[in-house]
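Take a look at the structure below.
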Amino acid sequence: MDRLKVMIVDDDSNIAQLIRLYAEKEGWLTTCCSNGMVALQEFNRFMPDVVILDIIMPQMDGWETCRRIREFSTVPIIMLTAKGDTLDVVSGLDMGADDYITKPFEPKILISRIKANTRRIKGKDSKVISYPDLTIEIDNYKVIYKGTVYEFPPKEIQLLYFLASNPNKVFSREQLLENVWGFDYFGETRTIDVHMKRIRCKLKQGNRKNEDESAAWALRTVWGVGYKFELK
């Protein structure tokens, strides 16, 4: 089995080396970059499976680095944020990050987040789900919507895949975190809302005024509860 490759982007060498130490204890390969510019230059050489990305860095901050990576890759990105800074969290998720962890953090929790964000969906015989105008290919991180192919980051496609695998069933945000991110995930439910917003934007869902009434399915918000994949 190929060893997981972890790119650590942080100008604080103490934090970067701490993450590297724990990652290498897991048998993973690592590379450390002191800022976003270095990370972008290193990316194609190292080809990481996951990126750990600090926000406040010289030359290029984490938000811009995340945005640039998302222009060419769907690799999972975990942002490192200041404790309790909700704006940092939301901004990072809006830029395309998959997850975040607040400083100071317990290294073992970060390792569990890395595992959760690189984990493939298990327990399903079929890795392809098809509905009218929608095909989800989980192994390829690919969604075909009305004949157009879209590449989805891992957590977006896993969230869509999970909902589509359980049509007409309502899931709370906590249930979605548990089933898609993993039982050891300690994040906030806001993560689900941001990911659903990005999925809907790509699939042009969420605005009932502009909704195609003839469509066979829809992504629904169940107010006060959570979300469901509705078959009409």
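The opening position of the sequence shown corresponds to residue 1169 in the numbering used here, with each subsequent residue numbered one higher.
Yeah, the Cβ is synthetic: ideal placement off N, Cα and C, and Gly gets one too.
Shortest alpha-carbon distance to residue i belongs to which of the options?
i	options	result
residue 1268	1295, 1313, 1303, 1323	1323
residue 1345	1281, 1182, 1385, 1297	1281
residue 1186	1255, 1215, 1275	1275
residue 1243	1283, 1215, 1259, 1347	1215
residue 1206	1183, 1306, 1178, 1305	1178
residue 1319	1397, 1371, 1392	1371
residue 1239	1211, 1227, 1258	1211
residue 1390	1208, 1338, 1342, 1295	1338
residue 1260	1394, 1231, 1305	1231
Just reading off the alpha helix (DSSP H) that residue i is part of, what are its end residues?
i	result
residue 1233	1230 to 1238
residue 1185	1181 to 1193
residue 1345	Looking at the DSSP string, residue 1345 is not in any alpha helix (DSSP H), and its letter there is neither H nor E.
residue 1364	1358 to 1371
Just to confirm the assignment, what range does the beta strand (DSSP E) spanning residue i have?
i	result
residue 1214	From DSSP, residue 1214 is part of no beta strand (DSSP E) but of the alpha helix (DSSP H) over 1204 to 1214.
residue 1302	1302 to 1305
residue 1173	1173 to 1177
With DSSP as the reference, identify every bridge partner of residue i, one or two as the case may be.
i	result
residue 1394	1340, 1390
residue 1319	1310
residue 1246	1220, 1267
residue 1199	1175
residue 1385	1399
Is residue i close to chain D, meaning its C-beta is less than 8 Å from at least one C-beta of that chain?
i	result
residue 1383	Among the protein chains of the structure shown there is no chain D, as only one such chain exists.
For residue i, which residues of its own chain have a beta-carbon under 7 Å away from its beta-carbon, when the five flanking residues on both sides are left out?
i	result
residue 1262	1362
residue 1366	1324
residue 1198	1174, 1176, 1188, 1191, 1192
residue 1293	Confidence at residue 1293 is low in this model, with a pLDDT of 46, below 50, so the placement of that residue should be treated as unreliable; the coordinate-derived value is given next. Excluding positions up to five away in sequence, the list is empty.
Only counting the same chain, and skipping five residues up and downstream in sequence, which positions put a Cβ closer than 8 Å to that of residue i?
i	result
residue 1299	1332, 1384, 1385, 1399
residue 1327	1344, 1348, 1360, 1363, 1364, 1367
residue 1271	1183, 1248, 1249, 1250, 1251
Tell me which residues share the same chain as residue i and place their Cβ nearer than 6 Å to its Cβ, disregarding the 5 neighbours each side in the sequence.
i	result
residue 1245	1219, 1221, 1234, 1265, 1266
In chain order, which alpha helix (DSSP H) runs of at least 4 residues are fully inside the segment 1257 to 1300? 1275 to 1286
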